[in-house]
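Chains as they are written, first to last, in our numbering: chain A, 565 to 1035; chain B, -7 to 174.
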């Protein structure tokens, strides 16, 4: 194999960084992408895994306390019937959105740079939605009766109330989880087959063989597979937009100052993509380093991600602007009061954190230096998620704690159990991500090989425009 | 078992390039062999044309799944909230179509996605624990880097003759395997 950087050196400096750095054949590319699966877990991975297990333990304890003693162990009080739990729910669902956006919407737009990061982001979606689902499930108070949420012929003869956005939420989130899982698994089948065939021992071959369902790369199967993949992408695209739209209906259809606004659906979707992309960057930066994936997840991928973070950050900023403008323009005193309280009340620190992290910070990405600097993007991506968590806190908790009448003004203090649940879900999410990175093909191997084949093909035809494949 | 199944002979052959593989597949297909398939690590552009495949049936399955999902989602809401046990919520009509849209949409997507996924698996005959091609250990490169052709020979045909033909078409490796029948 030639020097992996030879291709970069020979490139026109004005051309973007290639999507795959170096010259690879299908065999060497497969080897390089599976290297981390066969290698023994590194010390760094083990330390991270131990930490994430501790986090998951905290989650377990918090869940046991919640189940044993009830929702009274949370900081929720009237009028803050929804508080920390719903903040976490919306935050996690939002994080999930990036996966579907990358795998489905960028696929439909034929953005070739999505190929190296889609599998990874899809896995993130699934784990984030798992974390999200935990909160409303626990918040019902008696989760063992959660099956009441589904329409089934019960002995009370009652059916769910389908005019409630909360019921829509049940359908939206469960559909979203199911479709994401199917899409992810469908994409994984050829890669499981590759892992099966590259396995050196019997146990691995058996496990990956079962997961691959007997895939043999048949031309007939690819024919149906391509069609299925495209259709699932087409379905996932409106689905992902619908999920956060429906989540925002939970608030927008109520009459509470700060909630009752028509801008919520698009503003929530933009915020979801914003935080989700940030989470992808937070994980990609170490993952490409430690799993030896730098040749397929290049700075160009990260730069493109950062551009989208900046764009969606500005959409979110526009949302804030309109929210404040409409509050003022409405001439509605409780609305005025609510927005005044957000910026100057008890929780002003959280409000200004949100403003700084979501509006000011993404502006660093106007500079290419910042967009391509690993330390800067790592820090910004974490702070963006801090900002997005703050945004949900501002919207949900501050609106509830300062509504119409002074008799309804109350303070909110979270409990240790609340904090434990947030830290715990971060732990569980990290644990699942680490296991995924270790045992599953973190890169869509067959798609990357196809891309490699296409790029090699494009070189032979001088009339092909190399920029076509870029963002 | 009442009738004994006669195990068929299979030829698996590796080709050095995707183009060579596709041309060989087409030549053999036009020569009268029907059970021909390619096995590649990623979908080859235009493979369906060389293999003489019809349009995939997955879109039709998806359409049917989506229609069934949408209709049943809408009818479910009407029947449950508007007919079987009308609920009076703030004196709104028991069933109103705009409020039923989100769940109707979600049911459409859910049913369509489930039918795409399971439909695709069913069309491909998955999960499938055994396939004779895997009896040739070298065939395993089909998922990582090799471009393979498989032919299920009709009963009574000469395997040696057929494998000679495949070699002539440019295969770098040709193997004959026999189906294992329990």
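Think of the CB as a built atom: it goes at the ideal place given N, C-alpha and C, for glycine as much as any other residue.
- For the pair of segments examined, the stretch 934 to 948 of chain A was found to touch the stretch 855 to 872 of chain A: the number of CB pairs separated by less than 8 Å reaches three.
- When DSSP states are grouped into helix, strand and coil, residue 601(A) belongs to the helix group.
- Counting only Cβ-Cβ distances below 9 Å, residue 76(B) has contacts in chain A at 721 and 723, in chain order.
- Counting along the chain, the unbroken beta strand (DSSP E) around residue 144(B) starts and ends at 139 to 144.
- In this structure, residue 985(A) lies near residue 652(A), with their beta-carbon atoms less than 8 Å apart.
- DSSP places residue 727(A) in no beta strand (DSSP E); its state is neither H nor E.
- Under the 10 Å beta carbon count, residue 43(B) is surrounded by 16 or more other beta carbons and is classified as buried.
- DSSP links residue 1(B) through a beta bridge to 170(B).
- Ranked by how close their Cα comes to the Cα of residue 758(A), the residues 1019(A), 619(A) and 1004(A) have 1004(A) in first place.
- When rounded, the separation of the alpha-carbon atoms in residue 979(A) and residue 772(A) is 44 Å.
- Taking 8 Å as the cut-off, the beta carbon of residue 144(B) is found closer than this to the beta carbon of residue 0(B).
- Ranked by Cα distance from residue 621(A), the options 1000(A), 990(A) and 1014(A) are led by 990(A).
- In terms of Cβ geometry, residue 892(A) and residue 813(A) do not form a close pair [threshold 8 Å].
- Interface annotation for the stretch 153 to 168 of chain B against chain A: empty, criterion Cβ-Cβ distance under 8 Å.
- Counting only unbroken stretches of 3 or more residues, no beta strand (DSSP E) element lies wholly within the stretch 598 to 655 of chain A.
- Contact with chain B is absent for residue 1003(A), since none of that chain's Cβ atoms lies less than 8 Å from the residue's Cβ.
- The contact set of residue 757(A) on chain B, defined by CB atoms closer than 7 Å, consists of 135 in chain order.
- By the Cβ-count criterion, residue 748(A) is buried, with 16 or more other Cβ atoms from all chains shown falling within 10 Å of its own Cβ.
- Residues of the stretch 23 to 41 of chain B that bring their beta carbon within less than 8 Å of a beta carbon in chain A comprise 29, 30, 31, 32, 33, 34, 35, 36, 39 and 40, in sequence order.
- Three or more Cβ pairs closer than 8 Å define a contact, and the stretch 958 to 969 of chain A meets that threshold against the stretch 819 to 835 of chain A.
- Distance between residue 86(B) and residue 909(A), taken at the CA atoms: about 42 Å.
- Under a criterion of Cβ atoms nearer than 7 Å, the residues of chain A adjacent to residue 54(B) are, in order, 795.
- Legend: CB atoms of the stretch 77 to 107 of chain B lying less than 8 Å from CB atoms of chain A belong to residues 77, 79, 81, 84, 88, 91, 92, 94, 95, 97, 98, 99, 101, 102, 104, 105 and 106.
- Annotation: the continuous beta strand (DSSP E) that includes residue 31(B) extends over 28 to 31.
- At a cut-off of 8 Å between beta carbons, residue 781(A) contacts chain B.
- Neighbours of residue 120(B) in chain A, taken as residues whose beta carbon is under 8 Å from its own, are 777 and 778 in chain order.
- Looking at the DSSP output, residue 165(B) bridges to 6(B).
- Interface annotation, residue 43(B): in contact with chain A, CB-CB separation under 8 Å.
- Between residue 94(B) and residue 778(A), the C-beta gap is not smaller than 8 Å, which leaves the two residues out of contact.
- Scanning its chain for C-beta atoms nearer than 8 Å, with the 5 sequence neighbours on each side dropped, one finds around residue 113(B) the residues 119, in chain order.
- Here the alpha carbons of residue 902(A) and residue 639(A) stand approximately 21 Å from one another.
- For the pair residue 958(A) and residue 915(A), the CB atoms are nearer than the 8 Å cut-off.
- The continuous alpha helix (DSSP H) containing residue 97(B) extends over residues 89 to 116.
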